[in-house]
Amino acid sequence: MSRLFSNGPLKDFVINPYGQMVQDSTRLWIAAPYVTQTQELVQAAKKGKTVYLLVGLNSTTTPEALASLHELPNCAVRYFTHRFHAKVYLFDQEALVGSSNLTDGGLQSNREATMYIDDTDELDELRALYSELWDSAHVLTTETLSKFTLVRKLMPKVPHLDPRIENAVGRAEPINSNVNSLKKTTQSIFLEQLRREVYEQYRPSFTEVTRLLEANQFRRKELEDVGTANETNRFLNWVRLTYAPGLDSWEQAPLRSEEERRTKILQLGKEWTETDQDKIP
Numbered sequence: 001m002s003r004l005f006s007n008g009p010l011k012d013f014v015i016n017p018y019g020q021m022v023q024d025s026t027r028l029w030i031a032a033p034y035v036t037q038t039q040e041l042v043q044a045a046k047k048g049k050t051v052y053l054l055v056g057l058n059s060t061t062t063p064e065a066l067a068s069l070h071e072l073p074n075c076a077v078r079y080f081t082h083r084f085h086a087k088v089y090l091f092d093q094e095a096l097v098g099s100s101n102l103t104d105g106g107l108q109s110n111r112e113a114t115m116y117i118d119d120t121d122e123l124d125e126l127r128a129l130y131s132e133l134w135d136s137a138h139v140l141t142t143e144t145l146s147k148f149t150l151v152r153k154l155m156p157k158v159p160h161l162d163p164r165i166e167n168a169v170g171r172a173e174p175i176n177s178n179v180n181s182l183k184k185t186t187q188s189i190f191l192e193q194l195r196r197e198v199y200e201q202y203r204p205s206f207t208e209v210t211r212l213l214e215a216n217q218f219r220r221k222e223l224e225d226v227g228t229a230n231e232t233n234r235f236l237n238w239v240r241l242t243y244a245p246g247l248d249s250w251e252q253a254p255l256r257s258e259e260e261r262r263t264k265i266l267q268l269g270k271e272w273t274e275t276d277q278d279k280i281p
């Protein structure tokens, strides 16, 4: 079934199917050049849903919208600065595709032309497109977000801000028919892959654990001088050896919501500070 949403007189607002699909899905793949509205995505990530967001770094996208998602567990953000115009909202079994950006205008106040899709073949095509775009995009690191934020603060005093943004963070554009867009050095490929692993897989979860241990003063006396990052490493090692030995335990662990993770980490943190079997190597 297909249906057009246009934010028109019939009140066929894009925000309605978008909000419902965010609520109903477990995985969200969003691509939009302009991004200012991320509240629904933040709530989805906090509930344990997996969120992939592909954005444009430009004079319309706001640093605040990106900062609200940055380093959230289950959430990965990548970006382009050039030649990126696709607007795709892809969910478990349905999608929206058309003219709507992830902004108030795109979702409810501008006249748009955005189609609802649930056809299996069309969804497969959209997944292939999204995967291609995602693989060629750059990871939004803390450093990149900081640079973008600094330049973005120049508005509205400085006109034509997009070239300044690109100059600050570096050009990132999708692969297209231009042969030059396919050229990457071995070193650049390796470094980008490393950034993806650190910022999208490890760092958000590690930061979440560290903050909970610090906030609740779950520290071991013998580790007071090693620093919080090293102590978090020791804590995770203790959890692995005590409750999740072997690869199967990690792979079979269930996905948890933010509140479920918090409860579990606090339980383990308390036990970690009290146990004599700390298993510290």
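Taken in order, the sequence shown gives residues 1 to 281; the numbers are from the UniProt record's numbering.
For each residue, glycine too, the CB sits at the ideal point set by N, CA and C.
Just so you know, these numbers come straight off a predicted model, no measurement behind them.
Item checked: Contact set for K47: own chain, Cβ-Cβ below 8 Å, skip 5 residues either direction -> S257 and E258
Check: Closest by CA to H138, which one among A128, D162, F84 and E112?
Finding: For H138, the closest C-alpha among the options A128, D162, F84 and E112 is that of F84.
Margin query: Pairs of beta-carbons, one from the segment 84-99 and one from the segment 35-49, closer than 8 Å: are there three or more?
Written below: no
Notebook entry, point to check: So what does DSSP say about G227, is it helix, strand or coil?
Noted result: G227: coil per DSSP, three-state reduction.
Margin query: Out of T26, S136, L107 and N101, which one is the CA nearest neighbour of R78?
Written below: S136
Margin query: Taking its Cβ as the centre, do 16 or more other Cβ atoms sit within 10 Å of K49, making it buried, or is it exposed?
Written below: buried
Check: Is the distance from the Cβ of L268 to the Cβ of V226 below 8 Å?
Finding: no
Notebook entry, point to check: What residue ranges within the segment 16-59 form continuous alpha helix (DSSP H) runs of no fewer than 4 residues, ordered along the chain?
Noted result: 39-46
Notebook entry, point to check: From F148 to D276, what does the alpha carbon distance come to, in whole angstroms?
Noted result: 47 Å
Next item on the list: Within 10 angstroms of the Cβ of R261, are there 16 or more other Cβ atoms? Answer buried if so, exposed if not.
Entry: buried
Check: Relative to the C-alpha of V42, which residue among P33, L53 and A32 is closest?
Finding: L53
Checklist line | Beta-carbon separation (whole angstroms), C75 vs A45, contact threshold 8 Å | finding: 4 Å
Notebook entry, point to check: Would you say N176 and R111 are within 8 Å of each other, going by their C-beta atoms?
Noted result: no
Next item on the list: Could you tell me which residues DSSP pairs with Y79 in its beta bridges?
Entry: V55 and H138
Notebook entry, point to check: Looking only at its own chain, which residues have a Cβ that is under 6 Å from the Cβ of L213, when we skip the five neighbours before and after it?
Noted result: G269
Item checked: Supposed contact pair N101 and P33 - C-beta distance, whole angstroms, cut 8 Å -> At roughly 6 Å, the Cβ-Cβ gap stays under 8 Å, so P33 and N101 are in contact.
Check: Are there 16 or more other CB atoms within 10 angstroms of the CB of G170, so buried, or fewer, so exposed?
Finding: Burial call: exposed.
Check: In chain order, which continuous runs of the beta strand (DSSP E) of length 3 or greater are located wholly inside the segment 85-173?
Finding: 88-90, 95-98 and 114-117
Notebook entry, point to check: Nearest to L4 by alpha carbon, out of L57, E122, D118 and T114?
Noted result: Looking from the CA of L4, the closest CA among L57, E122, D118 and T114 belongs to T114.
Next item on the list: Mind checking who S68 pairs with in its DSSP beta bridge?
Entry: Answer is none; S68 lacks a bridge partner.
Margin query: Just to confirm my understanding: we take G19, look at its own chain, exclude 5 residues before and 5 after, and list those with CB closer than 7 Å. What are they?
Written below: Within the same chain, G19 has close Cβ partners E40.
Next item on the list: Can you say whether G246 is buried or exposed, counting buried as having 16 or more other CB atoms within 10 angstroms of its CB?
Entry: exposed
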